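Read the structure below first, then the notes.
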Amino acid sequence: MKNKKIKLMQGNEACVEGALAAGMKFFAGYPITPSTEIAEISSLRLPRIGGKFIQMEDEIAGMAAVIGGSLAGLKSMTATSGPGFSLKQENLGYAVLAEVPCVVVNVQRGGPSTGLPTMPAQGDIMQAKWGTHGDHPVIALSPSSVRETFDLTVKAFNYAEKYRMPVILLTDEVIGHMREKIEIPDPDEIEIIDRLKPEKGLDEYKPYEIKEGQVAPEMAAYGEGYRFHVTGLIHDETGFPSNDSKVAGDLVNRLMKKIDDNIDDLTLYEEYKLDDADIAVISYGITARSAKSAVDMARAEGLKVGLFRPMIIWPFPEKQIAQLGKRVKNIITAEMNLGQYVLEVERVANKYTNITKCGKANGELITPDEILAKIKEVQ
Amino acid sequence: MSNQCEIRLSGSGGQGLILAGIILAEAALNDGNNAVQSQSYGPEARGGASKSEVIISDSDINYPKVRECDILLSLTQIACDKYIKSLKKNGVLIIDDSVNIPQRNDIQVYSLPILKTAIDKVGKPMVANIVALAAINAITKVTTNDSLQKAVLNRVPKGTEELNIKALTEGFNLV
C-alpha cells in the first residue's frame, strides 16, 4: 500500500487545505484570534497557485472584498471570530440577496463582545442563522474533527457554488487549534462543484433569470465582458432595483426555496448507538466528541444512550429530529452556550419527548462527565 | 478497552513546549498510533505559564483535552505547583532539578538537570525541549526512540539537525 498523506494538522490548517482543494483562489480578511492561522496560511499558499490574498482594514471590508472576488469569478473565503463575525453580518446579507457564492469561517470564541479571545465557545449558533436582517436562507456546517474540517470546508464551497449563497463554517477555538491525525484525500476522490456559467451571449444575459430546473441563476464573472448590475436592493431578473411587491415576494421566496426544495441535499448527520436508545444526546462540533465519550461511558453502565450529531446545523434537520423525538424518552442537547440549538430541538420535538439542555459558557469544554451526569439525571 | 496515555508538558512561554508536544504527537503517528495535541495559552507570547498537551492512543480519541495526566513534565516551579494535582496516582513526574520535589508519595518522581544539560552539554538553552522529550521517552517509552528522532528531525529548522540529535542523546543519557 502506498504511503497515504497522513499528517498531524491543526483544524485551521485543514480548513485552508480543504478550501484550496475546493478551488479557493481568493481570500480577504482581517486576522483575529483564534482564526488567524486561516488567514496566515492562505497568505502563504494562495500566491503560489496564482491566487490572491488581501488583508483588509477591518472585517467589514474583508467580507466586502470576498463578495467582489466572487463576482469576479473566483472562489472566495474569509475567516473570522467573535466580534469579527458580528461585523460580517451586514455584508453577509448582501451576499444572500445578491446571490454571491462565498465561504465565511467563524472559529467561535467566548463572547459576548471581545469576550474570551483564546477560549472556545459555541455561542454563535443563532447568530449564524439570524445575524443578518430580513428573511434569508442560511447554510451552516459544524465539524467535529480536523479531518471533518477539511471535508466540510470542501462542502461549504460546493454548496456556495451550487446554491449561489454564502455558506458559514462554524468551528471553535479547540477544533481550530488542536492538532490531530488527518489523511488528506487524493484530489480525484474529492467532489468539486462549480457555479453555472451563462449560456447566453453578452446581449441576452439576465443575471437573475432562473431557467427550468435550476436552483440558482447562471453567474457571469465581471471582467468576462458581461455587463450586469448587482445590488443589495430587491431586484428583478435584470438585476436592477424594484419596489414591486410581487417582485419582492417572489425573490425572497425563491431564495428561501433554495433550502426548502433541497433539504435532503442539505441534511448531513451521524447517528451513534441510537438504534435501541431511550436517551438521545444531540450535539455538534467539538461538544459532540464529549457526547460520544459520554455515550460510551453510559453504555458501559448499561444505559441505552445514543448520539445524534448534525454536521449541517442550518438548515435544521427537522424531519430527523422529529423522528428521533418519537423514538426516545429523553433528548439532551449538549452545546457550549446557554441554550441555542436546543430551542430548535424543542420547537420540533417537544410534543414527542422530554428535552433537557446541557450547556455552559465559561470558555471551557463540556466534559464527558458533565454529559454523563445529565444522562443519569434524566434517566 | 483502549490504551490511552495523557501527557502534559508545562513550563514557561518560550521554552518550546508547544513544539515539543507537536513532535511527541508526530512520533506517536510514526508508531502507527493516534494522537491529539492541544495547548492553552493567554494573550501573552513569552513568559507566563505555558502548557502543551498530548493524548496518545491506539484507538479513537474523543475528548481532546487532558484532564488528569499519566505523565507530567514541569520545567518551572510555577508550572509544577500549578499542575502537580492533575497528575494521576502512580503517574510519572519529570521535573527540572531547579524545581522542588513536591510532597506526593503516590507518584514516581524524576528530578533531572534538563535545563543545565541543554546549556552545558549541548550548548544551546533552546534545545531543553528536545532534551526533555528524550528523557520522557527514556523513562516512559511512550513512543519508540526511532519515531521520536524521526519526528524531531522532521520539525527542527534545517541546519540544526546535529544539534538536536545531540540534545536527544544527552536527554536519553540523563536516565
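Residue numbers (the numbering used here), protein chains in the order written: chain A, 166 to 544; chain B, -16 to 158.
For every residue, glycine included, the Cβ atom is placed at its ideal position computed from N, Cα and C.
Note that the structure is predicted; figures quoted are calculated from it, not measured.
So A/M343 is in the beta strand (DSSP E); what residue range does that whole segment cover?
Taken as a continuous stretch (DSSP letters only), A/M343 belongs to no beta strand (DSSP E), as it is neither H nor E.
Which word fits A/S410, buried or exposed, when buried means at least 16 other C-beta atoms lie within 10 angstroms of its C-beta?
So A/S410 counts as exposed.
Answer with yes or no whether the minimum CB distance from B/P140 to chain A is below 9 angstroms.
No, because no Cβ of chain A sits closer than 9 angstroms to the Cβ of B/P140.
Anything in chain A within Cβ reach of B/Q20, meaning under 8 angstroms, just list it in chain order.
Neighbours of B/Q20 on chain A, chain order: L173, M343, R344 and E345.
Only counting the same chain, and skipping five residues up and downstream in sequence, which positions put a Cβ closer than 7 angstroms to that of B/K149?
Counting only Cβ-Cβ distances below 7 angstroms, and skipping sequence neighbours, we find V105.
Relative to the C-alpha of B/T143, which candidate in B/F155, B/D80 and B/V110 has its C-alpha closest?
For B/T143, the nearest C-alpha among the options comes from B/V110.
To which residues of the same chain is A/K525 closer than 7 angstroms at the C-beta, ignoring the five residues directly before and after it?
Excluding sequence neighbours, A/K525 sits near M501 and I531.
Answer with buried or exposed for A/Q175, where buried requires no fewer than 16 other C-beta atoms within 10 angstroms of its C-beta.
Buried, since its Cβ has 16 or more Cβ neighbours within 10 Å.
Using the Cα positions of B/A101 and B/V135, report the straight-line distance between them to the nearest angstrom.
So the alpha carbons of these two residues sit roughly 16 angstroms apart.
Is it buried or exposed for B/P53, if we count other Cβ within 10 angstroms and need 16 for buried?
Before going further, note that residue 53 of chain B is Asp rather than Pro in the sequence given. Result: buried.
Using a beta-carbon distance below 9 angstroms, is A/K167 in contact with chain B?
At A/K167, the pLDDT of 44 sits below 50, so the modelled position is not reliable; the number obtained from the coordinates is stated separately. No, its Cβ sits nowhere closer than 9 angstroms to a Cβ of chain B.
Quick one: list the residues of chain B neighbouring A/S455, beta-carbon separation under 8 angstroms, in chain order.
Residues of chain B passing the Cβ test: N45 and Y46.
Measure from the C-beta of B/Q0 to each C-beta in chain A and report whether the shortest distance is under 9 angstroms.
In the sequence as presented, Gln is not what sits at residue 0 of chain B; that position holds Leu. So no, B/L0 is outside the interface.
Have a look at the DSSP bridge pairing and note the partners of B/E145.
Beta-bridge pairing links B/E145 to no other residue.
Check the Cβ-Cβ distances between B/I(-10) and every residue of chain A, and say whether any is below 9 angstroms.
False, the Cβ-Cβ gap to chain A never drops below 9 angstroms.
Could you check the C-alpha separation between A/F481 and A/E509 for me, to the nearest Å?
For A/F481 and A/E509, the distance between alpha carbons rounds to 8 angstroms.
Can you tell me whether A/K539 is buried or exposed? The criterion is at least 16 other CB atoms within 10 Å of its CB, across all chains shown.
A/K539 is buried by the Cβ-count criterion.
At a Cβ threshold of 9 angstroms, is A/V395 touching chain B?
A/V395 does not count as touching chain B.
Under 9 angstroms, do A/R454 and B/N17 count as touching if we go by C-beta distance?
It is not a contact, given that the beta carbons lie outside the stated cut-off.
Does the beta carbon of B/R87 come closer than 9 angstroms to any beta carbon on chain A?
Cβ-Cβ to chain A under 9 angstroms: no for B/R87.
Less than 8 angstroms separating the Cβ of A/I444 from some heavy atom of the ligand FAD?
This structure does not include the ligand FAD; it has no bound ligands of any sort.
Would you mind working out which of B/D129, B/S21, B/K71 and B/K48 sits nearest B/I5, comparing C-alpha positions?
Of B/D129, B/S21, B/K71 and B/K48, the residue nearest in Cα terms is B/S21.
For a minimum of 4 consecutive residues, which ranges assigned as the alpha helix (DSSP H) are wholly contained in the segment 285 to 365 of chain A?
You should have 290 to 295, 311 to 328 and 338 to 342.
Is the CB of B/A3 under 9 angstroms away from at least one CB in chain A?
No, because no Cβ of chain A sits closer than 9 angstroms to the Cβ of B/A3.
Rounded to the nearest angstrom, what separates A/T283 and B/N137 at their Cα positions?
Approximately 28 angstroms, taken between the alpha carbons.
Beta-carbon within less than 7 angstroms of B/I61's beta-carbon, same chain only, minus the 5 sequence neighbours each way: which residues are those?
So the qualifying residues of the chain are A32.
For A/M421, count the other beta carbons within 10 Å of its own beta carbon; 16 or more makes it buried, fewer makes it exposed. Which is it?
Label assigned to A/M421: exposed.
In whole angstroms, what separates the C-alpha of A/K167 from that of A/D353?
Bear in mind that a pLDDT of 44 at A/K167, under 50, signals an unreliable position, so the number given afterwards is only what the model happens to contain. In a straight line, the C-alpha of A/K167 is about 16 angstroms away from that of A/D353.
Can the beta-carbon of A/L439 be found less than 9 angstroms from the beta-carbon of A/F393?
Going by C-beta atoms, A/L439 is not nearer than 9 angstroms to A/F393.
Chain B partners of A/T532, CB-CB under 9 angstroms?
Correct list: Y46, K48 and R50.
Taking 8 angstroms as the limit between beta carbons, can you name the residues of its chain near A/A179, skipping five residues before and five after?
If we look at A/A179 and ignore the five residues flanking it on each side, its Cβ neighbours are V311, R312, T314, F315, T318 and I347.
Return the CA-CA distance between A/E466 and A/I536, expressed in angstroms with no decimal places.
Answer to the nearest angstrom: the Cα atoms are 14 angstroms apart.
If we define contact as Cβ-Cβ less than 9 angstroms, is B/S33 a contact residue for chain A?
Closer than 9 angstroms: no.
Tell me which residue opens and which closes the beta strand (DSSP E) that A/F473 is part of.
From DSSP, the beta strand (DSSP E) with A/F473 extends over V470 to P475.
Are the beta-carbon atoms belonging to B/I39 and B/L55 less than 9 angstroms from one another?
No, they are not a contact pair.
Spatial neighbours of A/A230 within its chain, please: C-beta separation below 6 angstroms, excluding the five flanking residues on both sides.
The residues are A193, I219 and M221.
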